[in-house]
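Everything below concerns the one structure shown next.
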Ligand code: C2E
Ligand code: MG
Ligand code: MG
């Protein structure tokens with residue numbers, strides 16, 4: 005019985021042991037059991053392979069040797085050794101930590117006492133290789149961080165202007181809506197601004213320079229207001245500033261205009277940015293965002309119309325000016341249809357010949373018995389496209405009314421102003437040839453005056469048409485030269501025959517004794533390029549004498565004659581001829597006296 009009982013007990017024990025060893029071997033953890041005497045009492049194969057322990061070493065059961073082997077692989081062996089010693093001194097302690105290997109592997113370590121009944125008989129160490137899991141975790145953490153960075157970048161981009169780093173329209177609109185929903189009585193001001201003639205900077209100096217200019221302007225705007233104010237670029241050369249709770253928006257506006265006065269240097273060229281700005285503030289009758297922006301916009305246009313490079317605060321009268329402009333356009337259309345556009349002529353004298361060699365045709369609008377000057381209707385005509393019909397009418401009238409004068413001397417010519425809008429149509433030469441042909445005027449006797457702006461953004465259409473005109477004998481004059489962002493250096497590549505120096509340069513001549521290097525170099529440079537030079541706006545004898553002395557080929561201005569209608573032109577021509585020949589005689593006498 006007892007034998008039987010014994011055998012039964014043995015079998016159970018064997019079964020338990022085999023279950024234990026099977027479990028030990030099937031776990032992914034490396035397990036080591038060390039007895040209280042410090043000798044290894046058990047370990048599994050996984051433990052040996054994880055630590056790379058030779059089987060022979062394990063077979064010695066020498067705990068010390070095993071420990072030395074283990075320590076050699078760790079990045080921080082002292083720390084591990086201290087832990088082992090601490091646990092040896094405290095047999096009942098449980099502990100857990102992470103081991104870093106020199107080769108980069110990472111193990112998690114658990115250690116707990118081995119107990120039989122209540123007695124501690126040894127210690128179980130288990131190790132788990134978590135290298136892959138940790139790496140995967142690190143990769144996930146990194147990916148999450150990158151995603152978070154990307155998301156915040158995207159969020160910033162959604163509200164940021166990429167070129168200048170300023171806010172964009174979206175952010176401005178959000179902030180404006182927020183400000184308007186804020187406490188009653190808070191000042192809210194919108195400043196809308198647009199760079200004057202920015203297109204010319206882009207076209208003459210290139211897009212890179214244009215971008216640099218926008219960046220610099222953005223920087224100056226930002227520096228002119230408080231950090232809490234929103235400065236946004238709406239697109240192109242349009243910016244907007246939102247001031248909330250500002251005590252003096254006018255002072256801020258004045259500061260901004262002032263800040264742009266300092267020149268900008270772009271690739272060695274000095275440019276002076278200028279802006280037109282409209283200011284609108286929250287008030288009893290303007291409480292919503294769109295009305296505020298609309299008012300700032302109207303004020304900005306008023307600032308442009310008032311001569312640019314300034315700011316204007318919105319006033320209700322500006323609305324009536326806007327209305328007037330709309331009415332002007334309607335009136336102009338009717339005027340074109342009913343023949344109210346007439347032409348006046350201004351003689352241009354030759355300083356060498358002492359005679360009138362050319363006449364410039366200038367459009368006038370006869371409205372209710374008064375003459376509307378071109379400054380007041382040409383811009384509207386260009387905006388609405390009516391300039392095409394007006395230009396055609398001026399050419400036709402000019403050829404008709406001056407036919408006889410031109411026929412009397414083949415060296416005489418008629419100059420007409422041609423707007424860029426007319427050239428954009430692409431068939432201006434055909435129209436000119438047909439009109440001249442129908443009046444019997446030789447194209448050699450026609451001069452087309454264009455301003456430099458027609459060459460901006462030119463996709464060769466303009467150059468092609470001007471070349472076509474020139475090959476048929478028509479001459480091309482560059483009008484108002486020296487204004488805007490023009491440069492002498494560019495003259496060389498333009499298909500023109502004559503340079504018309506703008507009145508503003510002629511006005512610099514007062515006594516005729518001053519030094520005028522820019523004017524002089526314009527004349528010299530044009531001559532150097534084989535162009536003839538006409539001076540515009542000659543009003544005094546001193547100016548005429550100076551220009552003749554400097555070798556200017558022809559002169560035009562009130563000194564000789566104001567623009568005249570066709571019927572009084574003969575007298576004006578005669579008077580102009582007399583003035584120039586007297587002047588030449590005097591100059592000749594002076595020269596003789598000097599000699
Ligand atoms: P512009 O082509 O430069 O014409 C010269 C302008 O200077 C004319 O002004 C003329 O009256 C003015 N002027 C001439 N001599 C003097 C002077 O001694 N002193 C002063 N202060 N001014 C003088 P206007 O006739 O008022 O024309 C202004 C501008 O309107 C023209 O400048 C031209 O750009 C434009 N324009 C006139 N007619 C036409 C046209 O038929 N078509 C186009 N596209 N533009 C035109
Ligand atoms: Mg002209
Ligand atoms: Mg001019």
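In this note's numbering, the protein residues as written are 5 to 599.
We treat Cβ as the ideally placed atom computed from N, Cα and C, and that holds for glycine.
Nearest by alpha-carbon distance to residue i: which of the options is it?
i           : options               : result
residue 32  : 234, 402 and 50       : 50
residue 460 : 68, 152, 203 and 156  : 203
residue 30  : 43, 42, 47 and 17     : 47
residue 413 : 446, 441, 402 and 551 : 446
residue 431 : 471, 409, 408 and 418 : 471
residue 268 : 293, 314 and 221      : 221
residue 184 : 274, 292 and 584      : 292
residue 89  : 77, 109 and 67        : 67
residue 111 : 576, 421, 424 and 35  : 35
residue 129 : 97, 139, 150 and 137  : 97
residue 116 : 106, 140 and 91       : 91
residue 502 : 191, 370, 419 and 78  : 419
residue 495 : 457, 511 and 510      : 457
residue 373 : 339, 62 and 365       : 339
residue 256 : 478, 312, 341 and 196 : 196
residue 248 : 176, 307 and 213      : 176
residue 443 : 404, 467 and 410      : 404
residue 611 : 356, 359, 357 and 382 : Nothing can be reported for residue 611, as the shown portion of the chain is limited to 5 through 599.
residue 217 : 467, 328 and 275      : 275
residue 190 : 199, 251 and 322      : 251
residue 498 : 80, 401, 469 and 127  : 469
residue 560 : 597, 504, 578 and 448 : 504
residue 593 : 393, 563, 549 and 45  : 549
residue 375 : 200, 386 and 344      : 344
Report back the beta-carbon spacing between residue i and residue j to the nearest angstrom; my notes put them in contact at under 8 angstroms.
i           : j           : result
residue 113 : residue 100 : 7 angstroms
residue 281 : residue 261 : 7 angstroms
residue 309 : residue 194 : With a Cβ gap of about 19 angstroms, residue 309 and residue 194 do not count as contacting.
residue 417 : residue 557 : Not confirmed; about 13 angstroms, so no contact.
residue 95  : residue 124 : 5 angstroms
residue 591 : residue 542 : Residue 591 to residue 542, Cβ: 14 angstroms. No contact.
residue 487 : residue 463 : At roughly 24 angstroms, the Cβ-Cβ gap does not stay under 8 angstroms, so residue 487 and residue 463 are not in contact.
residue 569 : residue 348 : 6 angstroms
residue 289 : residue 236 : About 25 angstroms; that fails the 8 angstroms criterion.
residue 531 : residue 555 : 7 angstroms
residue 233 : residue 219 : Actually they are not in contact, since the Cβ atoms of residue 233 and residue 219 sit about 19 angstroms apart, beyond 8 angstroms.
residue 211 : residue 273 : Their Cβ separation, rounded to whole angstroms, is 15 angstroms, which puts residue 211 and residue 273 out of contact at 8 angstroms.
residue 389 : residue 425 : 6 angstroms
residue 351 : residue 171 : Actually they do not touch by this definition, with Cβ atoms about 56 angstroms apart.
Measuring straight from C-alpha to C-alpha, what distance separates residue i and residue j?
i           : j           : result
residue 454 : residue 476 : 17 angstroms
residue 6   : residue 60  : Low local confidence applies: a pLDDT of 47 at residue 6 is under 50, so the model's placement there is unreliable, and no value is given.
residue 482 : residue 305 : 28 angstroms
residue 346 : residue 398 : 7 angstroms
residue 317 : residue 302 : 10 angstroms
residue 121 : residue 86  : 29 angstroms
residue 451 : residue 361 : 12 angstroms
residue 70  : residue 38  : 11 angstroms
residue 441 : residue 566 : 29 angstroms
residue 523 : residue 536 : 14 angstroms
residue 75  : residue 15  : 41 angstroms
residue 241 : residue 313 : 14 angstroms
residue 479 : residue 295 : 50 angstroms
residue 167 : residue 215 : 7 angstroms
residue 186 : residue 155 : 29 angstroms
residue 514 : residue 584 : 19 angstroms
residue 239 : residue 335 : 33 angstroms
residue 174 : residue 225 : 19 angstroms
residue 380 : residue 162 : 43 angstroms
residue 406 : residue 279 : 43 angstroms
residue 546 : residue 329 : 40 angstroms
Determine, for residue i, whether the minimum Cβ-Cβ distance to residues of chain B falls below 9 angstroms.
i           : result
residue 592 : Of the chains in the structure shown, none is chain B; there is only one protein chain.
Self-check item: Heavy atoms of ligand 2 versus C-beta positions, residues under 7 angstroms
Solution: Matched residues: 364, 419, 421, 453, 483 and 504.
Self-check item: Contiguous alpha helix (DSSP H) assignments of at least 4 residues, all confined to the stretch 55 to 96
Solution: Within the stretch 55 to 96, the complete alpha helix (DSSP H) segments at least 4 residues long are 59 to 63, 67 to 75 and 81 to 93, listed from N- to C-terminus.
Quiz item: Where are the beta strand (DSSP E) runs, 3 residues long or more, that stay fully inside the stretch 380 to 455, in chain order?
Solution: If we require 3 residues or more, the beta strand (DSSP E) runs fully inside the stretch 380 to 455 come out as 417 to 421 and 450 to 455.
Exercise. Please go through the stretch 479 to 503 and give each complete beta strand (DSSP E) segment of 3 or more residues, from N-terminal end onward.
Key: Qualifying beta strand (DSSP E) stretches, in chain order: 479 to 485.
Quiz item: Enumerated in chain order, which unbroken segments of the beta strand (DSSP E) with a length of 3 residues or greater are wholly contained in the stretch 168 to 225?
Solution: Whole beta strand (DSSP E) segments, 3+ residues: 192 to 199.
Quiz item: Considering only residues of the stretch 244 to 321, which uninterrupted alpha helix (DSSP H) runs meet the minimum length of 4 residues and lie entirely inside it, listed in chain order?
Solution: Within the stretch 244 to 321, the alpha helix (DSSP H) runs of at least 4 residues that lie entirely inside it are, in chain order, 253 to 263 and 293 to 309.
Quiz item: Quick one: complete alpha helix (DSSP H) runs, 4+ long, within the stretch 531 to 583?
Solution: Listed in chain order, they are 545 to 553.
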